[in-house]
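Take a look at the structure set out below.
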Amino acid sequence: MAHYNLATPVSESDIRKLRINDTVTLQQTLFGIRDATQIHLFDRGRKTKFDLQGHAVIHTAPNVRKVPASPEFPAGYQAICIGTTTSDRMERFTEPLMREYGVRMIVGKGG
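Structure, rendered in structure tokens:
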């Protein structure tokens with residue numbers, strides 16, 4: 022078992038070093054993505070304005086509030102609290118998320 026300190030965007034070579042039971046400390050940007058977002062992306066053909074290439078996403082169900090768009094909140098939403106959500110129901114989106122958007126890591130919980 023090894024421990025890795027990774028920063029996003031993560032390279033493919035860094036991902037290929039990882040083995041089961043390794044631990045990772047992830048630095049930089051972690052994008053939250055919920056089931057509704059993936060339905061919009063893959064079932065309804067909408068696109069995201071964020072560059073997810075090489076990044077990590079976390080399966081989440083955040084509580085947010087609308088704020089003026091700014092460099093700190095480019096989508097115009099501020100997270101109030103963020104909790105993980107069950108990844109099982111989003112499994113069908115994993116392969117297209119990685120193939121079409123270049124996502125390299127998914128953080129989630131079993132269910």
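Numbered per this note's numbering, the sequence shown spans residues 22 to 132. Quick reminder that beta carbons are idealized off the backbone N, C-alpha and C, glycines included. Since the model is a prediction, treat every value here as computed from it, not as a measurement.
Where the alpha helix (DSSP H) through K38 begins and ends:
33-38
At what residues does the alpha helix (DSSP H) containing A90 begin and finish?
That residue, A90, is in no alpha helix (DSSP H); it is neither H nor E in DSSP.
Excluding the five sequence neighbours on either side, which residues of its own chain have a C-beta within less than 6 Å of the C-beta of P117, listed in chain order?
F63
According to DSSP, what are the bridge partners of M111?
Beta-bridge pairing links M111 to no other residue.
Specify the secondary structure class of I60 as computed by DSSP and reduced to three states.
helix
Which residue's Cα is closest to the Cα of T107: Q74, A82, V31?
A82
Which residues does DSSP pair with N26 in a beta bridge?
T46
Residue environment, I54, which counts as buried when at least 16 other CB atoms sit within 10 Å:
buried
Which residue comes first and which comes last in the beta strand (DSSP E) that contains A100?
98-102
For Y98, which residues from the same chain have a beta carbon less than 8 Å from its beta carbon, with the 5 sequence-adjacent residues on both sides left out?
V85, R86, K87, V88
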